[in-house]
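Let me begin by presenting the structure, written as structure tokens, before commenting on it.
Residue numbers (this note's numbering): 1 to 163.
Below you can see the structure in the form of structure tokens.
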């Protein structure tokens with residue numbers, strides 16, 4: 001994986017994407033750079049992943065975490081993109097949720113169960129393995145399979161028009 005080439009290709013779009021979320025170009029640039037550093041650090045462990053799609057997800061997650069923190073600091077209340085975001089944020093959140101639901105429906109049942117526990121319930125690999133009485137390796141395989149399916153699904157969508 002040539003991270004430098006990816007940086008040249010995606011940095012301007014990712015920076016602008018982040019800026020739309022956070023409203024501060026300096027913060028947006030820092031977030032995107034941090035995502036590239038994380039990608040670089042994990043470049044040898046990533047297989048069967050669309051780097052562009054992964055970078056957009058990483059930046060989006062960084063932006064959401066930033067906004068969660070800002071809203072919590074400013075209002076003292078937890079973040080909800082539907083309740084506290086702009087109408088555009090709510091629409092984008094709803095579209096993303098629908099796409100996630102579509103992919104979840106396509107996953108094999110055990111894979112879906114494991115992925116749900118991992119990503120939506122926040123359980124660790126070990127906790128999932130104990131809950132469904134299997135090995136941690138099997139849990140990791142289910143998660144990797146689900147991530148591959150998600151990656152292929154989102155790589156085929158034009159979810160970032162105008163960049």
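The beta-carbon is built from N, C-alpha and C at its ideal position, and this holds for glycine as well.
Straight-line Cα distance separating residue 66 from residue 2
Your numbering for residue 2 matches position 2 in the chain shown. Your numbering for residue 66 matches position 66 in the chain shown. The alpha-carbon atoms of residue 2 and residue 66 are separated by roughly 28 Å.
Classification of residue 56 by the beta-carbon crowding that lies within 10 angstroms, buried from 16 upward:
Here residue 56 refers to the residue found at position 56 when the chain shown is read from its first residue. Per the 10 Å Cβ criterion, buried.
Residue of 25, 101 and 29 minimising C-alpha distance to residue 7:
For the purposes of this step, residue 7 is taken as the residue at position 7 of the chain shown. Ranking 25, 101 and 29 by Cα distance to residue 7 puts 29 first.
Along the alpha helix (DSSP H) that carries residue 8, what are the first and last residues, could you check?
To locate residue 8, count along the chain shown from 1; it is residue 8. 3-22 is the span of the alpha helix (DSSP H), which, as asked, contains residue 8.
Just the Cα atoms here: how many angstroms apart are residue 33 and residue 103?
The residue given as residue 33 occupies position 33 in the chain shown. The residue given as residue 103 occupies position 103 in the chain shown. Each residue's Cα considered, the two are about 29 Å apart.
Counting only the same chain and skipping the five closest in sequence on each side, list residues whose C-beta sits under 7 Å from that of residue 128.
Locating residue 128 in the chain shown gives position 128, counting from the first residue. The answer, listed in chain order, is 114, 117, 118 and 139.
So, is residue 135 buried or exposed, given that buried needs 16 or more other C-beta atoms within 10 angstroms?
To locate residue 135, count along the chain shown from 1; it is residue 135. Exposed is the call here.
Please state whether the Cβ-Cβ distance between residue 69 and residue 110 is less than 8 Å.
Translated into positions along the chain shown, residue 69 becomes position 69. Translated into positions along the chain shown, residue 110 becomes position 110. Not closer than 8 Å, so no.
Residue interval of the alpha helix (DSSP H) (run including residue 45):
Numbered from its first residue, the chain shown carries residue 45 at position 45. Unbroken run through residue 45: none, as it is neither H nor E.
Below 8 Å CB to CB, which residues in the same chain sit around residue 49 once its five sequence neighbours on both sides are set aside?
The residue you call residue 49 lines up with position 49 of the chain shown. Contacts found: 147, 148 and 151.
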